[in-house]
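Residue numbers for the sequence shown follow my numbering, so the first one is 42 and each next one is one higher.
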Amino acid sequence: MTKKHTIQHISLPQAVQNELRKRILNNDFVAGERLLEAKLAAEYGISRTTLRSALSELRSQGLVEISVRRGAHVTRMSKTAIAEACFARYFLESSVLEEKKIELSPELIFEFETIIKKMTVAAKNQDLASLVYLDTEFHSLIVNLGGRERIQQLWHTLDGQMGSLMRSSLDSQKIELKEVVSRHKDLLHILKGKNPGAIREALKDHYIPVGDAVIAHTDSLKSTTLKSKSTRKRTN
């Protein structure tokens with residue numbers, strides 16, 4: 042019996058989007074650079090309608106801004122947006138470690154180590170697009186540890202913003218891709234210790250280097266919560 046293989050087909054706008062996304066993440070198109078429709082449509086041999094569809098999706102990922110006056114241009118996340126995205130990721134990942142000691146099977150450790158090896162190659166090749174994908178794979182293994190399906194679903198809603206987050210973070214911190222790999226190696230070392238408290242602290246350290254804005258954002262949330270509780274008490 043002949044074995045059947047499934048081939049995943051993607052649309053032309055999706056293919057163009059993937060190519061432009063890779064070029065933006067790898068800084069072939071830098072922040073603020075205009076993406077000229079006529080030039081790009083001619084370069085890829087596509088219609089402007091197809092190109093606009095691709096650009097629209099990139100806008101939803103936070104990589105492109107589109108305006109009537111300026112057209113499409115490459116953008117970066119603000120420091121506040123970076124802080125909020127990192128806080129959301131940290132909160133969701135750490136929340137799965139609340140209740141039990143983490144058990145990492147040899148197979149799971151092998152998965153983590155394989156991802157880091159691929160990260161090392163991507164960093165050496167200055168391929169941020171691949172590194173973003175691998176980062177998502179690495180952290181999805183963490184968020185899956187708790188077996189909480191709803192938390193996993195919420196975490197994956199952030200996937201579309203990860204390219205913009207990492208590109209913007211690298212520009213903001215002025216760090217090299219090899220440091221991104223180093224941070225994941227440090228995190229894996231703590232994961233192997235299987236201590237939930239230590240892992241939560243390591244996750245915090247992993248995301249805090251994005252900037253003090255992360256801490257400020259966390260403190261702001263706590264302050265808002267305390268004020269809200271105080272207001273409710275006075276009202277009651």
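C-beta atoms are modelled at their ideal positions from N, C-alpha and C, and glycine is treated no differently. Being a predicted model, the structure only gives us computed values, none of them experimental.
query                                                                                                                                                       : result
Mind checking which residues open and close the beta strand (DSSP E) that includes V105?                                                                    : V105 to S108
Using alpha carbons as the reference points, say which of V173, E78, D69 and S205 lies closest to R111.                                                     : E78
Take S101 and list the residues in its own chain whose beta-carbon comes closer than 7 Å to its own, dropping the five residues that flank it on each side. : G201
Nearest-angstrom Cα distance between V129 and G204?                                                                                                         : The question names Val, but residue 129 in the sequence shown is Ala. Distance between the alpha carbons of A129 and G204: 15 Å.
What is the DSSP secondary structure of R191, reduced to helix, strand or coil?                                                                             : helix
Is DSSP giving A72 helix, strand or coil here?                                                                                                              : coil
Which two residues bound the contiguous beta strand (DSSP E) that contains V57?                                                                             : Counting along the chain, V57 falls outside any beta strand (DSSP E), though it belongs to the alpha helix (DSSP H) covering L53 to L66.
Could you check how far apart the C-beta atoms of I87 and L53 are, in whole angstroms? I think they sit under 8 Å.                                          : 7 Å
Cutting at 8 Å between CB atoms, please list the residues of its own chain near D212, excluding the five before and the five after it.                      : A72 and R117
So what's G234 in DSSP terms, helix, strand or just coil?                                                                                                   : coil
For I183, count neighbouring Cβ atoms within 10 angstroms of its own Cβ and tell me buried if that reaches 16, exposed if not.                              : buried
Give the straight-line distance between the Cα atoms of R191 and V57, rounded to the nearest whole angstrom.                                                : 32 Å
Assign G112 to one of three DSSP states: helix, strand, or coil.                                                                                            : strand
Excluding five sequence neighbours on each side, which residues of the same chain lie with their C-beta closer than 8 Å to the C-beta of E134?              : H180, I183, V184, W196 and L244
On the CB-based measure, 16 or more other CB atoms within 10 Å of its CB, does R62 come out buried or exposed?                                              : buried
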